[in-house]
């Protein structure tokens with residue numbers, strides 16, 4: 005019942021924002037929703053995620069994807085994170101290998117995560133784009149059950165005909181540890197996207213359920229979102 009209550013409140017607030025902004029042509033309401041499975045052992049953490057993303061005031065499918073991530077934790081401060089994402093879009097499919105480096109600072113009540121990541125977006129249409137993202141996450145441990153967070157970052161894209169910042173996003177969220185296995189993440193991001201001749205804004209609720217099959221790692225992994 006608690007998970008239904010959390011989701012109902014979050015969705016209601018998101019719908020209020022959508023109604024207030026849907027007449028603005030410079031604003032779009034989107035939604036990210038996904039389910040992630042996590043397994044960890046020693047210095048490795050593995051995860052697989054299925055996520056859906058909608059746009060145009062939550063009326064059109066932007067894409068859905070499957071993503072696999074392998075994180076190597078050589079120390080309590082660093083993580084090396086190769087990943088691979090397969091995306092299905094309305095008119096194409098896309099393969100996206102990536103490699104990220106995470107630096108994190110930990111204390112009993114805080115976790116600061118600095119992510120730098122390169123990715124290649126290989127489209128079925130025969131084009132390839134390259135991207136670099138830099139995101140900072142700050143997690144505050146209130147209790148064993150509630151961990152709020154804030155995040156801010158940018159994505160720089162270079163491909164044929166375009167080399168510039170593609171989007172900037174920032175927002176806040178809450179990780180709710182329902183039990184030792186299940187974690188519900190509710191976040192809301194504001195984004196500004198480069199359309200080439202103008203910048204447009206978007207509001208992005210994110211709903212993610214994480215299932216931790218095993219958490220037998222030596223170092224505490226970083227808490228972050230691949231947005």
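In this note's numbering, the protein residues as written are 5 to 231.
Think of the CB as a built atom: it goes at the ideal place given N, C-alpha and C, for glycine as much as any other residue.
Predicted model only: the values in this text are computed from it and were never measured.
Setting aside the 5 residues that flank it on each side, residue 88 is surrounded in the same chain by 72, 101, each with a C-beta closer than 6 Å to its C-beta; the list follows chain order.
Here residue 231 carries a coil assignment [DSSP, helix/strand/coil]. In the three-state DSSP reduction, residue 37 falls in the strand class (E or B).
Taking every protein chain shown into account, the CB of residue 228 has 16 or more other CB atoms within 10 angstroms, so this residue is buried.
The segment 197–207 and the segment 122–142 do not touch, with fewer than three beta-carbon pairs separated by less than 8 Å. Residue 69 and residue 152 have their C-alpha atoms spaced approximately 26 Å apart.
Judged by DSSP secondary structure, residue 118 falls within the beta strand (DSSP E) whose first and last residues are 114–127. By the 16-neighbour rule on beta-carbons within 10 angstroms, residue 63 is exposed. Here the segment 72–87 makes contact with the segment 108–120; the two share three or more CB pairs at distances below 8 Å.
Around the beta-carbon of residue 57, 16 or more other beta-carbon atoms lie within 10 Å, marking it buried. Taking a C-beta distance under 8 Å as the contact criterion, residue 217 and residue 42 qualify as a contact pair. Counting of Cβ neighbours within 10 angstroms places residue 144 among the exposed residues, the total staying below 16. Nearest Cα to residue 142 within the set 39, 49, 176, 75: 176. Note that the C-beta distance between residue 195 and residue 166 is not below 8 Å. Ranked by how close their Cα comes to the Cα of residue 226, the residues 189, 40, 115 have 115 in first place. Shown here, residue 87 sits in a strand according to DSSP, grouped into three states. Annotation for residue 131: no beta strand (DSSP E) segment contains it, and DSSP assigns it neither H nor E. Scanning the segment 136–190 from its first residue to its last, the whole beta strand (DSSP E) runs of 3-plus residues come out as 150–163, 166–181. Rounded to whole angstroms, residue 92 and residue 78 show a C-alpha spacing of 34 Å.
Residues of the same chain with a CB within less than 6 Å of the CB of residue 192, apart from the 5 flanking positions on each side, are 175, 209 in chain order. With a 10 Å radius around the Cβ and a threshold of 16 neighbouring Cβ atoms, residue 98 comes out buried.
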